[in-house]
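Report on one structure; see the data block that follows.
Numbering (my numbering), first residue to last: 342 to 918.
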C-alpha cells in the first residue's frame with residue numbers, strides 16, 4: 342500500500358503561554374517526523390491557547406503569536422505542518438497555517454465564526470473569504486477550522502466540489518456530556534456527504550470553565566472511524582491513508598485555477614496550490630487506534646478531574662483545601678481533587694457546629710482516611726457564640742430567620758480563606774448546580790473560594806458520580822452512609838434540604854427545562870408539573886441571579902451552564918406570572 346501518513350497532535354495548550362505552547366508544538370513535530378509522518382496537524386489556535394478572549398485586542402499579543410508561528414514554520418522542512426494561530430492583516434482572523442520546506446504554503450481564515458453559548462468570535466475575528474485546495478501528487482487536501490465543518494453547505498462542501506479528497510479540520514471544540522457522539526456523528530455525515538476523508542484534530546485540556554475533551558479522529562469516506570485518539574488526555578494520533586484511493590480517477594476533480602463560490606451570500610475565492618513533494622518511505626506499519634467508549638457519567642467524571650487539575654496547575658497552585666461537612670457534595674469534590682492532584686496535595690477541613698450530627702463528623706473523618714488526606718478540625722460553636730453575643734442587641738437568640746444559619750456558613754468560609762491565604766492553598770467550593778440554580782447557598786460562606794468544581798453538576802448527577810467512583814474503586818471510598826443519608830445543610834436542628842426544596846429528582850427535571858432547554862412557565866406546565874412547584878422554582882432561579890454572579894468559576898459539563906452560556910441581567914423585573 343502506498344501510504345500517506347498523518348499525525349494529529351492533540352495537545353493541551355495554555356492560554357497566553359506562547360513560548361510554552363510553541364515549544365510543545367515543535368516537540369510534537371519532531372515526534373511526527375521520527376515516525377515518518379508526511380503531515381502533522383495541531384488544534385485551533387494551538388499557539389495562543391483557546392479561547393484567548395480579549396488578549397486578542399492587544400497588538401503585542403497578536404504580533405508575538407505570529408512571530409511564534411513563523412518560528413514553528415522554520416523549525417522543520419521535512420513535514421507538512423498545519424497549525425492554528427491568530428492572523429493579522431489590517432483585520433484579525435482565526436487562522437491556520439499550512440507550511441512545508443520551512444515556508445508557508447497557504448493560510449486559511451475561519452469562515453463560520455460562532456457567536457452563541459460560550460463563543461464570542463464575532464467580537465474578535467473577521468470571517469475568511471478564501472478557500473485553497475492543495476495538490477500533493479494527486480492527493481488533494483483542504484483545511485478548515487472548527488465551526489466550518491458543522492454546516493452541511495459550508496466550506497467542506499465547496500472544498501470537495503473543488504477537488505479535495507481529504508478535508509482537515511482543526512478544532513477547539515468544548516465538552517459537555519453527549520457532545521462526543523454528536524460530534525462523531527456529524528463528522529461521519531460530512532465524510533459521507535462529500536465522499537472524502539475527514540481529519541479532525543481537537544484541543545484537549547481545561548481553560549477556566551471550559552473543558553476540551555480531545556477525541557481527535559480520522560473518518561473514512563463511508564463514515565466509519567479509521568483511527569481515534571482518547572478523550573481527556575494529550576495524544577499523538579498517527580494513521581496511514583491508502584493513497585491509491587485518492588488516485589482513483591472517479592475521485593479526482595479537475596477544476597479551474599480560480600473559482601468563486603458563495604457562503605451566506607458572501608463571495609468565497611477558490612484557488613488551487615500545487616505542492617511538489619515525495620511521500621516518505623514508511624519503515625513500519627501503524628496500527629489503527631480505537632478509543633474506549635465512555636458513558637455520560639464516566640465522561641463527566643473525567644472532565645471534572647481534568648478541569649480541576651488544569652485550573653489548579655495553570656493558575657500556579659499546588660495544593661487545595663476543601664471544607665468537609667460529611668455530606669455528599671464536599672465528599673465528591675474532595676475525591677475529584679485527590680484523583681486530579683494526588684492525596685498529598687489535598688487538605689480537608691472539618692468545621693462542625695452545634696447542629697452538625699455526630700454521623701456527619703464521623704463520615705468526614707472516614708472519607709479523609711479513605712482518601713489519605715490531611716484533615717484539620719476546627720469546631721465553630723465558640724466562634725458562633727462570640728458573633729451572636731456581639732449581635733445580641735440586633736439579632737435575638739431565638740431568631741428564626743436565616744441570619745443565624747448563614748452566619749455559620751460565613752464563619753466556615755472565613756476559616757477556609759484564612760488557611761488559603763496563610764498557606765497558599767486554592768479553596769475549592771462544593772456547591773452543585775441544583776443549589777446554585779435556586780440560591781440554596783450562602784454568599785461569602787460556602788460560596789467562598791477560588792474554583793467551583795461541581796458548579797454545573799446537578800444534584801442527581803452528584804449521586805451518580807459518587808456511586809460511579811465507588812464502583813471503579815471496587816470499594817466505598819465515599820462512605821455509603823454519605824451517599825444514602827438525606828441531604829442537609831445542618832444549619833438548624835433536624836434540617837433537611839427537602840424542607841425547603843422539592844425532591845432533587847423532581848427539581849433537576851424542572852431546572853433542566855427552565856435553565857438548559859429555555860422553556861417558559863407555560864411550557865414547563867405542559868410537561869405535567871404542579872403549578873405551585875413550577876412557580877416556586879422559577880422564582881428561586883430568577884431571584885438568585887445576583888448570587889450566581891458572585892460565585893467562583895466552575896467546570897462546564899452540561900449543554901448550558903450558568904455564566905458563559907446563560908446570560909441574564911441581575912436587575913430584572915420581568916415575570917411570566
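Note that the Cβ used here is the ideal one computed from N, Cα and C, for glycine as well.
(message) With a threshold of 8 Å, are at least 3 pairs of Cβ atoms found where one atom belongs to the stretch 569-582 and the other to the stretch 347-361?
(response) yes
(request) State the DSSP-derived secondary structure class of residue 297, mapped to helix, strand or coil. (result) Limits of the chain in this structure are 342 at one end and 918 at the other, which puts residue 297 out of reach.
(request) State the Cα-Cα distance for the pair residue 632 and residue 805, rounded to the nearest angstrom. (result) 23 Å
(message) I believe residue 492 touches residue 453 by the beta-carbon criterion, under 8 Å. Please report the beta-carbon distance rounded to the nearest angstrom.
(response) 6 Å
(message) Based on DSSP bridge pairs, tell me the residues matched to residue 541.
(response) 510 and 558
(request) Could you tell me if residue 409 is buried or exposed, where buried requires 16 or more neighbouring beta carbons within 10 angstroms of its beta carbon? (result) buried
(message) Mapping the DSSP letters down to three states, classify residue 917 as helix, strand or coil.
(response) coil
(request) Compute the distance between the beta-carbons of residue 827 and residue 800, then report whether it is under 9 Å. (result) no
(message) I need the DSSP call for residue 877, collapsed to helix, strand or coil.
(response) helix
(message) Rounding to the nearest angstrom, what Cα-Cα distance links residue 773 and residue 653 in this structure?
(response) 19 Å
(message) Check whether the stretch 516-527 and the stretch 615-622 are in contact - that is, three or more C-beta pairs closer than 8 Å.
(response) no
(request) Taking 9 Å as the cut-off, decide whether the C-beta atoms of residue 388 and residue 416 are in contact. (result) no
(message) For residue 354 and residue 544, I'd like the C-alpha separation in whole angstroms.
(response) 8 Å
(request) State whether the stretch 456-472 contacts the stretch 433-442, with contact taken as three or more CB pairs (one from each stretch) at a distance under 8 Å. (result) yes
(message) Within the continuous alpha helix (DSSP H) that includes residue 456, where are the two ends?
(response) No alpha helix (DSSP H) holds residue 456; DSSP gives it neither H nor E.
(request) Report the partner residues of residue 485 according to the DSSP bridge assignment. (result) 510
(request) With a threshold of 16 other CB atoms inside 10 Å of the CB of residue 902, please say whether the residue is buried or exposed. (result) buried
(request) Any chance you could list the beta strand (DSSP E) runs of at least 3 consecutive residues sitting entirely within the stretch 682-720, in chain order? (result) 687-691 and 715-718
(request) With a floor of 4 residues, list each alpha helix (DSSP H) that falls wholly inside the stretch 378-430, ordered by position along the chain. (result) 400-416
(message) Taking the alpha carbon of residue 555 as the reference point, which residue from 505, 644, 480 and 508 has its own alpha carbon closest?
(response) 644
(message) Distance check for residue 886 and residue 909, CA to CA, integer angstroms please.
(response) 8 Å
(request) Assign residue 398 to buried or exposed, taking buried as 16 or more other Cβ atoms, counted over all protein chains shown, within 10 Å of its Cβ. (result) exposed
(message) Do residue 862 and residue 850 count as a contact pair if the criterion is CB distance below 9 Å?
(response) no
(request) Would you give the residue range spanned by the alpha helix (DSSP H) that residue 760 belongs to? (result) 744-764
(message) Please return the same chain residues whose Cβ sits closer than 7 Å to the Cβ of residue 406, not counting the five positions on each side in sequence.
(response) 359, 388, 389, 426 and 427
(request) Can you have a look at residue 837 and say buried or exposed, based on whether 16 or more other CB atoms are within 10 angstroms of its CB? (result) exposed
(message) If you measure between the beta carbons of residue 573 and residue 677, is that distance less than 9 Å?
(response) no
(request) Thinking residue 611 and residue 472 are a contact (beta carbons under 8 Å), I'd like their distance in whole angstroms, please. (result) 5 Å
(request) Given a cut-off of 9 Å, decide if residue 586 and residue 506 are closer than it, judged by their beta-carbon atoms. (result) yes
(request) Would you mind working out which of 819, 550, 529 and 480 sits nearest residue 680, comparing C-alpha positions? (result) 819
(request) Locate the beta strand (DSSP E) running through residue 345, then write down its first and last residues. (result) 344-351
(request) Starting from residue 579, trace the beta strand (DSSP E) both ways and give me its first and last residue. (result) 576-583
(message) Which same chain residues end up closer than 8 Å to residue 728 when comparing Cβ atoms and leaving out the 5 residues on each side of it in sequence?
(response) 748 and 752
(request) Pick helix, strand or coil for residue 653, following the three-state DSSP scheme. (result) helix
(request) Identify every residue that forms a DSSP beta bridge with residue 548. (result) 551
(message) Along the chain, where does the alpha helix (DSSP H) containing residue 501 start, and where does it finish?
(response) 496-502
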